[in-house]
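*Asks:* For the sequence shown, the residue numbers in my numbering are 2 to 59.
All C-beta atoms, glycine included, are put in the ideal place defined by N, C-alpha and C.
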Amino acid sequence: MDALREVAHRIAALVTALAERGVEPAGAPFVRYLVLGPGMTSLTVEAGVPGHRAGGAG
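The following block contains the structure:
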């Protein structure tokens, strides 16, 4: 579970970095599970936040 906690911290950092650049979230953060290793001992995920520029058209 430490890895999922790390993903959550990185998403928070991503939201902060986007806000500093004037990008507002356009939806909820997401986590996409790409690979679940044998015996569930490893996990590969893709995480992100949909966004658009503040005051922009998308």
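1) For T42, which of helix, strand or coil comes out of DSSP?
2) Helix, strand or coil for R22? Go by DSSP, reduced to three states.
3) In this structure, does DSSP put A29 in helix, strand or coil?
4) From the DSSP output, which residues share a beta bridge with L37?
*Replies:* Straight from the coordinates:
1) coil
2) coil
3) coil
4) L44
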